[in-house]
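Anchor point for the sequence shown: position 115 equals 121 in this note's numbering, and the numbering is continuous, going up by one each time.
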Amino acid sequence: MAKTPPLPSLPVLRSFEAAARHQSFTMAAEELGLTQGAISRQVRELEELIGARLFARVGRSVQLTPAGRGFARDLGGDLARLRQSVSRAVAAGDGGSILSVAVLPTFGSRWLMPRLPDFCARHPDIQLSFSSRGEPFDLQEARCDVAIHFGRADWPGAQLTPLCPENLRAVAAPAFIERHGIRQPADLCQAPLLQLSSRPDAWAGFFAAQAQDATRAGAGMLFDQFSLMISAALQGLGAALLPVYLIEDELSQGSLCAVAAVGSPQEASYHIATPLGGTSREAASFVSWLRRQVPRRRAA
7 MAKTPPLPSL PVLRSFEAAA RHQSFTMAAE ELGLTQGAIS RQVRELEELI
57 GARLFARVGR SVQLTPAGRG FARDLGGDLA RLRQSVSRAV AAGDGGSILS
107 VAVLPTFGSR WLMPRLPDFC ARHPDIQLSF SSRGEPFDLQ EARCDVAIHF
157 GRADWPGAQL TPLCPENLRA VAAPAFIERH GIRQPADLCQ APLLQLSSRP
207 DAWAGFFAAQ AQDATRAGAG MLFDQFSLMI SAALQGLGAA LLPVYLIEDE
257 LSQGSLCAVA AVGSPQEASY HIATPLGGTS REAASFVSWL RRQVPRRRAA
């Protein structure tokens, strides 16, 4: 039987992970409170243990080798899971529990966080751990209890519970509306339109629903996050097609105004994803609370 190779120590792994993340022994040393020489020695110890070079020197800097990149990628996830396991154990020792939740970044910051104090007040024994995720992933492998998913109900290996449909509005800042003489949806065809890279056909769909000419739809700045697009709209840089739930405060305060009274129809909607095979009491409580945050008229 082949002999199992010895495992590197946790300090050695932490030093390598920090050096790989920063692509710098100096910055890794500053982060961990060590000397640059200590980081270098621990990386060398790791290289000798696994029998492969992990860094290559390029002038006065270092770069990961192909072996180093692969090891760093795997190690980052392993250390994250280790930290999560330690947190769960600590919480269990204190009589509490850890609930791991993955959220879409803008959904989390603009919809979930303002409502979260209510959940914390109702469930003080549940400690929440958040991560940002934009695509489906293996919930069990990631040890994730609950995730928010936007799209069709097609997450393999997950139980999906409907949360709410996406209700879109074409909006713009009051000064932008005045400057471009926008009085009706058709006027948007001649105005700068802010775009989301993951939804290249959003404006075309909107104009089709409005029975309007969309020949100029698509002219405008491009963003990869709703949060940045909201900021651009607030600054009067263009009209934006945004989910109402993300801009409730801006609409009520008048800093953004709806140009069209009807949102663009969407096939996709928001779902709560949980692992197949059942959920914990804490996860069930969180899912139930999430659904109560959505008015019945918007529930799927």
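Built from N, CA and C at the ideal position, the CB exists for glycine as well.
Within 8 Å, strictly: CB atoms of residue i and residue j
i, j, result
"residue 59", "residue 71", "yes"
"residue 35", "residue 74", "no"
"residue 139", "residue 252", "no"
"residue 274", "residue 141", "no"
"residue 257", "residue 240", "no"
"residue 246", "residue 235", "yes"
"residue 28", "residue 169", "no"
"residue 281", "residue 145", "yes"
"residue 248", "residue 232", "yes"
Neighbour-count burial assignment, residue i, 16 or more Cβ in a 10 Å radius
i, result
"residue 104", "buried"
"residue 283", "exposed"
"residue 181", "exposed"
"residue 298", "exposed"
"residue 269", "Because residue 269 carries a pLDDT of 49, less than 50, the predicted location of this residue cannot be relied on, and the following value inherits that uncertainty. The residue is buried, with at least 16 neighbouring Cβ atoms inside 10 Å."
"residue 112", "buried"
"residue 67", "exposed"
"residue 288", "buried"
"residue 217", "exposed"
"residue 62", "exposed"
"residue 203", "exposed"
"residue 107", "buried"
"residue 21", "buried"
Paired residues, beta bridge with residue i - DSSP
i, result
"residue 106", "135"
"residue 174", "249"
"residue 263", "178"
"residue 275", "157 and 171"
"residue 281", "164"
"residue 62", "69"
"residue 229", "202"
"residue 152", "107"
Nearest-angstrom beta carbon gap, residue j and residue i [assumed within contact, 8 Å]
i, j, result
"residue 156", "residue 201", "With a Cβ gap of about 17 Å, residue 156 and residue 201 do not count as contacting."
"residue 279", "residue 166", "6 Å"
"residue 295", "residue 125", "5 Å"
"residue 300", "residue 152", "Contact doesn't hold; Cβ gap of about 15 Å is too wide."
"residue 56", "residue 110", "Residue 56 to residue 110, Cβ: 37 Å. No contact."
"residue 191", "residue 238", "The pair is not a contact, with the Cβ atoms about 20 Å apart (cut-off 8 Å)."
"residue 81", "residue 147", "Their Cβ separation, rounded to whole angstroms, is 16 Å, which puts residue 81 and residue 147 out of contact at 8 Å."
Proximity test, residue i beta-carbon vs the ligand HEM heavy atom, cut-off 7 Å
i, result
"residue 46", "Of ligands this structure carries none, so the ligand HEM is not represented either."
Within the chosen definition, does the segment 169-176 reach the segment 128-135 through at least 3 CB pairs nearer than 8 Å? no
For the structure I just gave you, are there three or more beta carbon pairs, one from the segment 13-20 and one from the segment 41-59, closer than 8 Å? yes
**Message:** Below 8 Å, how does it come out for the segment 227-243 and the segment 189-200: are there three or more Cβ pairs, yes or no?
**Reply:** yes
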